[in-house]
Every structure is written in C-alpha cells, then in structure tokens.
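What follows is a short report on a single structure.
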Amino acid sequence: MTPVEAATAREAMQAATAHRPDVILLDLGLPDRDGMEIIAEVREWSQVPIIVLSAREQESDKIAALDLGADDYLTKPFSGGELIARIRVALRHAARHAAGAAAVYERDGLRVDFEARTVSLDGEAVRLTPIEYRLLVALAKNAGRVVTHAQLIREVWGRHGAEDNTYLRIHTQHLREKLSDDPLRPRFILTEPGVGYRLKG
Numbered sequence: 638m639t640p641v642e643a644a645t646a647r648e649a650m651q652a653a654t655a656h657r658p659d660v661i662l663l664d665l666g667l668p669d670r671d672g673m674e675i676i677a678e679v680r681e682w683s684q685v686p687i688i689v690l691s692a693r694e695q696e697s698d699k700i701a702a703l704d705l706g707a708d709d710y711l712t713k714p715f716s717g718g719e720l721i722a723r724i725r726v727a728l729r730h731a732a733r734h735a736a737g738a739a740a741v742y743e744r745d746g747l748r749v750d751f752e753a754r755t756v757s758l759d760g761e762a763v764r765l766t767p768i769e770y771r772l773l774v775a776l777a778k779n780a781g782r783v784v785t786h787a788q789l790i791r792e793v794w795g796r797h798g799a800e801d802n803t804y805l806r807i808h809t810q811h812l813r814e815k816l817s818d819d820p821l822r823p824r825f826i827l828t829e830p831g832v833g834y835r836l837k838g
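When you line the sequence shown up against my numbering, it's residues 638 to 838, in that order.
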C-alpha cells in the first residue's frame, strides 16, 4: 500500500475518490470540516474501512463515529504497533465483505455456522438462547470491529429495543459464561468501555 496524505477534509475527499484507498485513517480535528461529516459522506458511496485517530476521549465522540460507520477508533497517544494491528484487522474484515459474507466464523476453537445456526467451542456444541445466539452472530459478522451498544440492541431486539444497556450487559455476561470467556482476560469478546463490544477478528 502507498500512503496518500491529506491535510484538509477537502483534500481527503478528493484523494478518497481519486485513489480508492484500502483503508482511511481519519483525524476528526480537520481545519475545514469536522471529521464526523467525512465519515457520513464516505459511507454514502463506499464501505472502505475507516479508522478514526483522535485526541477526543469522550465516549460520546467514539459512539458517534462508530454509529456513523467508522470501523475503529484509536485515542491519541497510541503505539505504532497497535495501529498496524488495527489496520490488519480492518483489511481482513473488508476482504471478507468483498468476497461475500462468510458462512462460518472460526477463531481459537469457537465456531459459528450461520447457515446451520450452530455454535461449538473446542468441538463441543454450545447451547445458546435465541437472544444469546443473535448477539453472538451480530458480533461474529462484524468480527474485529467495534459494535456499539445501540447497534447491538438494534440487531438483537430490533429498531424498538430498549435504550437501556442493562439487558445487553446481562445477556453478554451469560454468553461469555457459556463460552468460558473471562472478561478480565478475554479469549473472544472484548469490552470497549462505555461504547460497545468487539469479537476478536
């Protein structure tokens, strides 16, 4: 990949349309427009992975960026190694999307077969409630990406799901228990505090 730099939102949009990048690294603090507007505008015509790099630490900013369509959000300062790892995950997710939705999610012994609607862990069947299964599928189909609380609630309970995250938190806890997933040392489900969850990609 050859990096293309842009100092303003105007330059960024011109570069994005001219070069069709594999991934966009976006700072929200642009001199001519708010980066949030760029996320929304790009999502009108492209599903290119967008990773936000920002000094804004408020959860509301992270949630807004992710709900608008950003794939990830890194708060400054961050290490170069972490950024490269996040880019790799975003590119893998984009490759799966381009090839068509995968019929199966597999990682570290966890297998979710979307067509057969089955879940197994280390070769053993895992019995989930319908809500737990929908929650796992929503995370698995977005593996590697942060999925906000609001996005998960819509996926699991529909557009009119409760805005309170309590039920989501409870069902995520039950799902983790059935997957033997320790929240302090997660094997599968990572918590993005105040924002949502991410299934390892």
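Glycine included, each C-beta is placed from N, C-alpha and C at the ideal position.
Beta-carbon contacts of Asp759 that lie in its chain and below 6 angstroms, excluding the five residues immediately before and after: Gly746
Return yes when the Cβ of Val741 is within less than 7 angstroms of the Cβ of Lys815, no when it is not. no
Can you name, in chain order, every residue of its own chain whose Cβ lies under 6 angstroms from the Cβ of Val726, other than the five neighbours on each side? Gly781, Gly838
Grab me the residues of Ala652's own chain with a C-beta within less than 6 angstroms of its C-beta, minus the 5 sequence neighbours each way, in chain order. Val641, Ala643
Can at least three beta-carbon pairs, one atom from the segment 701–709 and one from the segment 674–691, be found at a separation below 8 angstroms? yes
Which two residues bound the contiguous alpha helix (DSSP H) that contains Asp704? In this chain, the alpha helix (DSSP H) harbouring Asp704 covers 696–705.
If you draw a straight line from the C-alpha of Leu720 to the C-alpha of Leu711, how long is it? 8 angstroms
Return the chain-ordered list of same chain residues with a C-beta closer than 7 angstroms to the C-beta of Val783, the five sequence neighbours on each side being excluded. Excluding residues within five positions, the ones whose Cβ falls inside 7 angstroms are Leu703, Asp709, Tyr710, Glu829, Val832, Gly833, Arg835.
Looking at the unbroken beta strand (DSSP E) that takes in Arg835, where does it start and where does it end? Counting along the chain, the beta strand (DSSP E) containing Arg835 begins and ends at 833–836.
Restricting to runs no shorter than 3 residues, where is the beta strand (DSSP E) found entirely within the segment 766–800? Complete beta strand (DSSP E) runs here, min 3: 783–785.
Buried versus exposed, by CB contacts within 10 Å (16 or more), Lys778: Burial call: buried.
Taking Cβ to Cβ, would you say Ala655 is nearer than 7 angstroms to Ile676? no
For Glu829, the residue or residues it bridges with in DSSP: Looking at the DSSP output, Glu829 bridges to Gly833.
Residue interval of the beta strand (DSSP E) (run including Thr639): Counting along the chain, Thr639 falls outside any beta strand (DSSP E), and DSSP gives it neither H nor E.
Taking all protein chains shown into account, do 16 or more other C-beta atoms lie within 10 angstroms of the C-beta of Leu821, making it buried, or fewer, making it exposed? exposed
According to DSSP, is Leu711 helix, strand or coil? strand
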